[in-house]
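Engineer:
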Amino acid sequence: MRLANGNRGGGNTDNAMMKSLLAATVLLGLGSAAFGASAVNKDAEPRTLIVTEGGSKSELSLAGGETVEFCPSGCFVTMPNGDREALTGNETIEISGGTARIK
467 MRLANGNRGG
477 GNTDNAMMKS
487 LLAATVLLGL
497 GSAAFGASAV
507 NKDAEPRTLI
517 VTEGGSKSEL
527 SLAGGETVEF
537 CPSGCFVTMP
547 NGDREALTGN
557 ETIEISGGTA
567 RIK
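Below is the structure:
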């Protein structure tokens, strides 16, 4: 059965679907921007990582037992032993016994 205006009664769902899709995309984009690499210091002593991001170096000091998030969009990290690693932003650096490991 056709209605007088040519619509079959389902309504125009295109706009509603597009709005829902746009909202989901924005939320996913915001959520992923909040995540970055993390570093956890399992030692009792403080440890320092050197982070190079966008050509700028900074020291990231972690107290014993502390966990921090950093490097949301990729960076280079110099570990406590001098090793340098490239991070994409989703890794976890675990420091234990003075040694850093990427997980």
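Numbering (the working numbering), first residue to last: 467 to 569.
Cβ atoms here follow ideal geometry from the backbone N, Cα and C, with glycine treated the same way.
Taking the C-alpha atoms as reference points, what is the distance between Gly497 and Gly548?
Structural biologist: Low confidence applies to Gly497: its pLDDT is 45, below 50, so where it sits in the model is not reliable, and the reading given next is rough at best. Their backbone Cα atoms lie some 33 Å apart in a straight line.
Engineer: Tell me where the beta strand (DSSP E) around Asn507 begins and ends.
Structural biologist: Counted as a single uninterrupted DSSP element, the beta strand (DSSP E) harbouring Asn507 occupies residues Ala503 to Asn507.
Engineer: Could you tell me the distance, in whole angstroms, from the CA atom of Asn507 to the CA atom of Ala529?
Structural biologist: 7 Å
Engineer: Give the DSSP bridge partners of Cys541, in chain order.
Structural biologist: Leu553
Engineer: Go to Ala566, then tell me how far its beta strand (DSSP E) extends in each direction, as first and last residue.
Structural biologist: Thr565 to Ile568
Engineer: Indicate whether Ile559 and Ala566 have their beta-carbon atoms separated by less than 8 Å.
Structural biologist: yes
Engineer: Where do the N-terminal and C-terminal ends of the beta strand (DSSP E) with Glu560 fall, by residue?
Structural biologist: Thr558 to Ser562
Engineer: Please state if the CB of Phe542 and the CB of Thr514 are separated by a distance shorter than 8 Å.
Structural biologist: no
Engineer: Give me the residue from Thr554, Glu511 and Phe536 with the minimum Cα distance to Ser524.
Structural biologist: Phe536
Engineer: Just mark Gly563 as buried or exposed, buried being the case when its beta carbon has 16 or more other beta carbons within 10 Å.
Structural biologist: So Gly563 counts as exposed.
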